[in-house]
Amino acid sequence: MSTEVLKEQEVMDVETSAAVPPKKKKYRSQKGAEITSLVFSYIVLSILAIVWIIPILWIVLTAFRGGLDNGHGIVSSDYFPSSFGIDAFKELFTGSWLGVDFYFLRWFANTLVIAVIDCVVSTLLVLSVAYCMSKLRFKMRKAFMNITMILGLFPGFMSMIAIYYLLKSFGLTGNTGDNAWINLVGLVLAYSAGAGLGFQVAKGFFDVIPTSLVESAKLDGCTNSKIFWKIILPLSKPIIIYTALMSFTGPWMDFIFAKVIIGGGNPGWWTVSVGLYSMMYGNQYDASMFTIFAAGCVVVGIPIVGLFMALQKYYVEGVTAGAVKG
Amino acid sequence: MAEIVEKSYKKENIFVRFGRGFVRFFTKSIPNFFVKTLPGFFIKIGKGIKNFFVTFGKRFVDGSIGTKLSHFIFGSGNLFRGQIIKGIIYLLLQVGFVLYMVLCPGIKGPNNTMIPTGWKSLVNLGLNQADIVPDNRWTPNTVISSPNSFLYMLVGLATIAIIILYIIVWLSNIKSAYLADTAVKEGRKPSSFKDDILALFDNRFHILMLTPTCLAALIFTLLPTILMICIAFTSYNDFDMTAAGTTLFHWTHFANFKAIFTMDKASSLGVEIGARFLPVLGWTFLWAILATFSCYFGGILLAVLINKKGLKGKKVFRTIFILTIAVPQFISLLIMRNLLMSTGPVNSLLINFGLIKDPISFLGQNQGDNPWIARLMVVIINMWLGIPYTMLMTSGILMNIPADLYEAARVDGTSKPKMFFKITLPYVVFITTPYLIGSFVGNINSFNTIFLLTGGGPAIVSEGATYKAGQTDLLVTWLYKLTIENGDYNTGAVIGIFTFIITATITLITYRRSKAYNEEDTFQ
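As they're listed, the protein sequences go chains A and B. Residue numbering for the first sequence follows my numbering, beginning at 1 and increasing consecutively. Residue numbering for the second sequence follows my numbering, beginning at 1001 and increasing consecutively.
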């Protein structure tokens, strides 16, 4: 089929060029212009790619800097390190500072557990709300959508402080001793509780699934629940993966919520973002440990970047859908 | 032919359209919103209330004795019709509510104090000074100190929420009784408990699916938001309360709002908060406009470049840009900060090349640095963060532009830049308008970028107290500094409310006009 079209086009090209000779010349010069503009594009794109890569490459290079100047490695004024080594990683996993262990593996594990729970809960909530809004018709549907939109306009910090107190009154935050793990429960709640309100992208996806499919299933005696689990979900792999990816990476990317809810306290129950930030600005550790911070960033970054790369297709699909739905 | 094509291009000219849209926004949309939309909204609500009472009255008059009794004793209608389990559940809910309201079981507060619940918590929303036992456990000026009053208020609001839930249960109990009546009248059996459970998976599936989200949103989104709105009307700030030697606060009505505008907050904070409000607001707007449009048009240009016909290695380039999205934002922002530090690589590179003598303070580290350098830098770094995202988004849209549009333009000998401005741009902008609004609002609330890059700096030289807003502080970062760092909760809440009013006005008006909203139903 496609070859046919191609052939046809070729024939047309030949015909036009044969019939109007001067146009052929113009075509050539156009081709020349196209090549120039292609070369231009390559150059611009390469420069841009380098600009975009420079900071990321720098952190990787710093992480592999040989030796730890000044104990734990301050910010270097050189872009390229003079020697390479894995001292920073060793220090990150086994070292301590002022008698306190780095706990990096524990931070990593904490964040992983939070991310997995948040991923499962959020995805379920988002998909169920999106399905209701897209495929079911009931009273209050439009009202629900308007209310969620208005709630989404309040700056997150305004409610963050109140959420902090709410969690505090349940005893889910501000624990500093051995029971500091309870803070993480509070953090999971804070992450996933409001997730259902961010249903718009998934709803946009469900909207595209033909309603006739749902209706014919209903005629066959399917219940709404069955339609959701047996018909809609199997068709929605891209949006499920996109939603799961977003909610899984959320806890790795978030910093401020984790900081407020976990606070200082017991470093054994921090998440990676709180831990890494404390390396830069904390009281617990010193600010002069940039190399170790860089090593930590690399360790955190690799799985997240890997996930994004592996699921790139779904991510792009979700982003594009979000463009139209807002 | 050429003229027609030319004309249709002209029609699509992005700048003309934008300008017209801008004018229309003020001359039509805003008046329309107040003349048509708002009254329409209230009329709708009025009709809803009327219908509610009509149904309510009808159910009371038409219902059986059980239904009538249901208005006073929950579940009696269901018990009357033999729906035992349902009836008992309703009854238990009512008994529980009445016991809670009347007995007011105290909740253990800090320092072995008891926080009153039930009707007591409603008196002055818990801010009833007589009820409050002083408590010295909370030391002022800790990161977040917790005066008792806050918990009292929380319990008070929770009680209001419980009352609202109680009313909902009350109405649903009446409806349920009435439905059982109707079923009997029509010769059917009233639904059994098992039927009701099964209905949750079919006709009433949405109730099952939405309840978790609604409850979670009520507790973790709605309640905190209302709580913080209430705080705006109180004297809740560590500064005042420490001065007064108390951990309690009280209602102050509109005093905080007045302070913002009359600039006389000096009494409590030692600085004139009001004098900083307008500059911060102005910069927030400027930032939102610059950040939104730089990322947006930059992203479209990049997408056009990458998706150029005949360009090889599209995937490689795209992957490089996605890489920067995938790196957690707080990491890339902290990297940027260190890269641009006065001792960082960028400055030393510039010095080594002899371009500058002294390091440039890119991110306003020191008090009194040139704010415009820092402002320019945050916008540029934000482009680094935001352009790949827009690029990804618009790539998909670019591929959907009908090819014959370009074909026609090529036949006419239209130049490439002209094609971009007259075909590509209008098309993309038309489709992504909702996203554009969303990202504008998102940028008004863009906390991470500012907080992690400049921390709001450079600070102003004349500044007495450290928590005054810096030169790159947005409303949200200022809000953070005021509340979390300095315990000035009431002023923070006022600023939060303003931020909400601004974003809500922009969104509601533009969103209601957009296709995505108006044709939401017809889309499928």
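Note that beta-carbon positions come from the ideal geometry of N, C-alpha and C, so glycine has one too.
In chain B, which residues lie less than 9 Å from residue 320 of chain A when you measure between Cβ atoms?
As a first step, residue 320 of chain A must be located in the first sequence, where it is residue number 320. What residue 320 of chain A touches in chain B: 1392, 1393, 1394, 1395, 1396, 1397.
Can you find at least 3 beta carbon pairs, one from the stretch 249-268 of chain A and one from the stretch 228-236 of chain A, that sit closer than 8 Å?
Result no; under three Cβ-Cβ pairs closer than 8 Å.
Give the DSSP-derived three-state secondary structure of residue 248 of chain A in the structure shown.
In the first sequence, the residue the question calls residue 248 of chain A occupies position 248. The answer is helix: DSSP assigns residue 248 of chain A an H, G or I state.
Let me check one thing: in DSSP terms, what residues is residue 84 of chain A bridge-paired to?
Working through the first sequence from its first residue, we reach residue 84 of chain A at position 84. The partner list for residue 84 of chain A (beta bridge, DSSP) reads A:65.
According to DSSP, is residue 1119 of chain B helix, strand or coil?
As a working mapping, residue 1119 of chain B is identified with position 119 in the second sequence. The answer is helix: DSSP assigns residue 1119 of chain B an H, G or I state.
Check distances from the C-beta atoms of the stretch 173-197 of chain A to those of chain B and list, in chain order, the residues that come in under 9 Å.
174, 189, 190, 192, 193, 194, 195, 196, 197: these are the residues of the stretch 173-197 of chain A whose beta carbon lies less than 9 Å from some beta carbon of chain B, given in chain order.
Could you check whether the Cβ of residue 1425 of chain B sits closer than 7 Å to any Cβ belonging to chain A?
Working through the second sequence from its first residue, we reach residue 1425 of chain B at position 425. No, no contact with chain A.
Using DSSP with H/G/I as helix, E/B as strand and the rest coil, what is residue 1401 of chain B?
Residue 1401 of chain B sits at position 401 when you count from the first residue of the second sequence. If DSSP states are grouped into helix, strand and coil, residue 1401 of chain B belongs with coil.
Is residue 179 of chain A buried or exposed, if buried means 16 or more other CB atoms sit within 10 Å of its CB?
As a working mapping, residue 179 of chain A is identified with position 179 in the first sequence. Exposed: under 16 other Cβ atoms inside 10 Å.
Tell me whether residue 1121 of chain B is buried or exposed, calling it buried when 16 or more other Cβ atoms sit within 10 Å of its Cβ.
Numbered from 1 along the second sequence, position 121 holds the residue referred to as residue 1121 of chain B. Under this definition residue 1121 of chain B is a buried residue.
Which residues in chain A have a C-beta closer than 8 Å to the C-beta of residue 1448 of chain B? List them in chain order.
Along the second sequence, one-based indexing puts residue 1448 of chain B at 448. The contacting residues are 255, 256.
Does the stretch 233-245 of chain A come into contact with the stretch 314-322 of chain A, if we say contact requires no fewer than three beta-carbon pairs (one atom in each stretch) closer than 8 Å?
yes
Counting only Cβ pairs nearer than 7 Å, list the residues of chain B close to residue 169 of chain A.
On the first sequence, residue 169 of chain A is found 169 positions in, with the first residue counted as 1. Neighbours of residue 169 of chain A on chain B, chain order: 1151, 1154.
Applying a beta-carbon distance threshold of less than 9 Å, which residues of chain B neighbour residue 280 of chain A?
Here residue 280 of chain A refers to the residue found at position 280 of the first sequence. Within chain B, the residues near residue 280 of chain A are 1334, 1337, 1338.
Listing by chain order, which chain B residues have their CB less than 9 Å from the CB of residue 314 of chain A?
For the purposes of this step, residue 314 of chain A is taken as residue 314 along the first sequence, with counting starting at 1. By Cβ distance, chain B contributes nothing, its closest Cβ being about 12 Å from residue 314 of chain A, past 9 Å.
Based on Cα-Cα distance, which residue from B:1228, B:1179, B:1105, B:1091 lies nearest to residue 1169 of chain B?
Taking the first residue of the second sequence as 1, we reach residue 1169 of chain B at position 169. Taking only the C-alpha atoms, the option nearest residue 1169 of chain B is B:1091.
Examine the Cβ distances between the stretch 1388-1397 of chain B and the stretch 1286-1305 of chain B and report whether three or more of them are shorter than 8 Å.
yes
Taking Cβ positions only, does residue 162 of chain A come closer than 7 Å to chain B?
The sequence position of residue 162 of chain A within the first sequence is 162, counting from 1. It does; some Cβ of chain B falls within 7 Å.
Rounded to a whole number of angstroms, what is the C-alpha to C-alpha distance between residue 1466 of chain B and residue 1236 of chain B?
Numbered from 1 along the second sequence, position 466 holds the residue referred to as residue 1466 of chain B. Numbered from 1 along the second sequence, position 236 holds the residue referred to as residue 1236 of chain B. With a pLDDT of 46 at residue 1466 of chain B, under the threshold of 50, the modelled position of this residue cannot be trusted; read the value that follows with caution. C-alpha separation (whole angstroms): 20 Å.
From residue 116 of chain A to residue 300 of chain A, what does the alpha carbon distance come to, in whole angstroms?
Working through the first sequence from its first residue, we reach residue 116 of chain A at position 116. Working through the first sequence from its first residue, we reach residue 300 of chain A at position 300. Rounded to the nearest angstrom, the two C-alpha atoms are 15 Å apart.
Considering only their Cβ atoms, is the gap separating residue 125 of chain A from residue 336 of chain A smaller than 7 Å?
No answer is possible for residue 336 of chain A: the residues shown for chain A start at 1 and end at 326.
Under a CB-based cut-off of 7 Å, is residue 1202 of chain B close to chain A?
As a working note, residue 1202 of chain B is residue 202 in the second sequence. Yes, its Cβ sits closer than 7 Å to a Cβ of chain A.
Residues in the same chain with beta-carbon distance under 6 Å from residue 295 of chain A, minus the five sequence neighbours each way, listed in chain order, please.
The residue given as residue 295 of chain A occupies position 295 in the first sequence. Excluding residues within five positions, the ones whose Cβ falls inside 6 Å are 63, 88, 89, 92.
If you reduce the DSSP assignment to three classes, tell me which class residue 209 of chain A lands in.
As a position in the first sequence, residue 209 of chain A is number 209, starting the count at 1. Residue 209 of chain A falls in the coil class under three-state DSSP.
Given a cut-off of 7 Å, decide if residue 1494 of chain B and residue 1232 of chain B are closer than it, judged by their beta-carbon atoms.
Indexing the second sequence from 1 puts residue 1232 of chain B at position 232. Indexing the second sequence from 1 puts residue 1494 of chain B at position 494. Yes, they are a contact pair.
Is residue 1372 of chain B helix, strand or coil when you go by DSSP?
Start at 1 with the first residue of the second sequence, and residue 1372 of chain B comes out as number 372. Three-state result, residue 1372 of chain B: helix.
For a test of the three-state rule: what should DSSP assign to residue 1432 of chain B, helix, strand or coil?
Locating residue 1432 of chain B in the second sequence gives position 432, counting from the first residue. Helix, per DSSP.
Would you call residue 1052 of chain B buried or exposed, if buried means 16 or more other Cβ atoms sit within 10 Å of its Cβ?
Within the second sequence, numbered from 1, the residue matching residue 1052 of chain B stands at position 52. Classification for residue 1052 of chain B: exposed.
Does residue 132 of chain A get closer than 7 Å to chain B when you measure Cβ to Cβ?
Here residue 132 of chain A corresponds to residue number 132 of the first sequence, with the count starting at 1. Chain B, which has a Cβ nearer than 7 Å to the Cβ of residue 132 of chain A, makes this yes.
Less than 8 Å between the CB atoms is what I'm expecting for residue 1401 of chain B and residue 1336 of chain B, so what's the real figure, rounded?
Within the second sequence, the letter at position 401 stands for residue 1401 of chain B. Within the second sequence, the letter at position 336 stands for residue 1336 of chain B. Not confirmed; about 34 Å, so no contact.
Which residues, in chain order, does the stretch 212-246 of chain A contribute to contact with chain B at a C-beta distance below 7 Å?
223, 224, 225
Does the distance from the CB of residue 1252 of chain B to the CB of residue 1234 of chain B come in under 7 Å?
The sequence position of residue 1252 of chain B within the second sequence is 252, counting from 1. The sequence position of residue 1234 of chain B within the second sequence is 234, counting from 1. Yes, they are a contact pair.
Under 6 Å Cβ to Cβ from residue 1166 of chain B, same chain only, skipping five residues before and after it: list those, please.
Against the second sequence, residue 1166 of chain B aligns to sequence position 166. Result list for residue 1166 of chain B: 1097, in chain order.
Would you verify that the beta carbon of residue 1167 of chain B is, or is not, closer than 7 Å to some beta carbon of chain A?
Taking the first residue of the second sequence as position 1, residue 1167 of chain B is located at position 167. Not an interface residue.
By how many angstroms is the C-alpha of residue 1239 of chain B removed from the C-alpha of residue 1293 of chain B?
The residue given as residue 1293 of chain B occupies position 293 in the second sequence. The residue given as residue 1239 of chain B occupies position 239 in the second sequence. Near 40 Å, if we compare the C-alpha coordinates of residue 1239 of chain B and residue 1293 of chain B.
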